[in-house]
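Peer 1:
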Amino acid sequence: MPLRRNRLLAVLEALLVTFLWSSSYVLVKVGLQEIGPLTLVAYRYTVASLVLLPLALSRGHGALLRERGIPLRLGVLGFLGITAAQGLQVLGLFLLPAVSVTFLLNFTPITVLALGVVALNERPTRLQLAGIAMTVAGAALFFNDPLASASLPGILISLLSGVGWGAYIVLGRRLSIGDQVPVLGLTAFSMAGGTVLLLAAAFLFEGFTVVSLAGWGIILWLGVVNTALAFFMWNRALGRLEAFEISVLQNTMLIQIAVLAWVFLGERFALAKVPAMALVFLGALSVQLKK
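Numbering (our numbering), first residue to last: -13 to 277.
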């Protein structure tokens, strides 16, 4: 019973994170009216790192940086999940419409499934495989001809972003359950490493940006709540859920984003998309069912 309860809490925690990340869509749309995309994402992760690093160091997690092999793995984790996944996603948004990028990223669970079998020996049941197929099919139905007139470089960059995020999920789980790296230290040090490269790219391509008070309000909320807190909770859930399970939960974001964009941004919401959303929901639910 305690094991089942811990699993339920992990699922709810991961779903809360997906809601926070979905709300980022609305905030980022507003922030991009005055801040360049690379600058916005770099400032966001800088704020998050400045929140997490002191907490990690105050709890003695700095000792992780003296353990053999751990700093390199944390650096790779940060590069995959922050620099590559987030940076390439922003670049993809430069080259493709947001709907195309979102569609392509919904295939990430397939990457996570393949990497999880190899690196973690995590094998889904038949019902869970069916659930993964349902979420991917639901995502495909949700978007109406998403790759029409799309550029090949944009497609490849967006797919690479998804591969980077999938690898981040698998490596993060391996560090959490295999090397027993504390969640706070794992989150703080990997994020800080990846953020350094993001900052360098932002200054190189967009220069120094003067941000208004309202803009800083958005950055602070994104950094503290939607990044520092959300990544900590996400990595904690990774220690209790298999990699492909948590990746499929992330696909429910397309439902959340559609509803939030309809409510706060006035974007049109077609009732014809409800069956596709239901398919994603049922698929995500199926993946959480054990033998």
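Glycine included, each C-beta is placed from N, C-alpha and C at the ideal position. Here the structure is a predicted model, which means the values were calculated and not measured.
Measure the C-alpha to C-alpha separation of A244 and A126 and round it to an integer number of angstroms.
Peer 2: 14 Å
Peer 1: With DSSP collapsed to three states, give me the class of I21.
Peer 2: coil
Peer 1: CA-CA distance, R112 and Q274?
Peer 2: 12 Å
Peer 1: With a threshold of 16 other CB atoms inside 10 Å of the CB of W7, please say whether the residue is buried or exposed.
Peer 2: buried
Peer 1: Could you check which residue in R160, Y154, A186, A270 has the C-alpha nearest to that of G67?
Peer 2: Y154
Peer 1: List the endpoints of the continuous alpha helix (DSSP H) containing L161.
Peer 2: 138 to 163
Peer 1: If we call anything under 8 Å between Cβ atoms a contact, is T181 one with F217?
Peer 2: no
Peer 1: With F217 as the anchor, note down where its alpha helix (DSSP H) starts and where it stops.
Peer 2: 216 to 224
Peer 1: Look at the alpha carbon of R(-10) and the alpha carbon of S272, and state the distance between them as a whole number of angstroms.
Peer 2: 16 Å
Peer 1: Throw me the rounded Cβ distance for the G209 and V(-3) pair, which I believe falls under 8 Å.
Peer 2: Their Cβ separation, rounded to whole angstroms, is 26 Å, which puts G209 and V(-3) out of contact at 8 Å.
Peer 1: So, V16 versus A247, is the Cβ gap smaller than 8 Å?
Peer 2: no
Peer 1: Going by C-alpha to C-alpha distance, which of G148, L(-6), T25 sits closest to L190?
Peer 2: It is T25 whose Cα lies nearest to the Cα of L190.
Peer 1: Who are the near neighbours of A71 in its chain, counting only those whose CB is closer than 7 Å to its CB and skipping five residues on each side?
Peer 2: Same-chain partners within the cutoff: S147, G150, W151, Y154.
Peer 1: Work out the CA separation of Q75 and M239 for me, nearest whole Å.
Peer 2: CA-CA distance, M239 to Q75, rounds to 16 Å.
Peer 1: Could you check what DSSP says for N(-8) in three-state terms: helix, strand or coil?
Peer 2: Helix at N(-8).
Peer 1: Buried or exposed, going by whether 16 or more other CB atoms sit within 10 Å of the CB of K277?
Peer 2: Unreliable placement is indicated for K277, whose pLDDT of 45 sits below 50; the coordinate value is still reported in the next sentence. By the 10 Å Cβ count, K277 comes out exposed.
Peer 1: Is there at least one Cβ from chain C nearer than 8 Å to L82's Cβ?
Peer 2: The chain inventory of the structure shown lacks chain C, comprising one protein chain alone.
Peer 1: Helix, strand or coil: which one does DSSP assign to N212?
Peer 2: helix
Peer 1: If you check the beta carbons only, do F175 and L(-5) fall under 8 Å apart?
Peer 2: no
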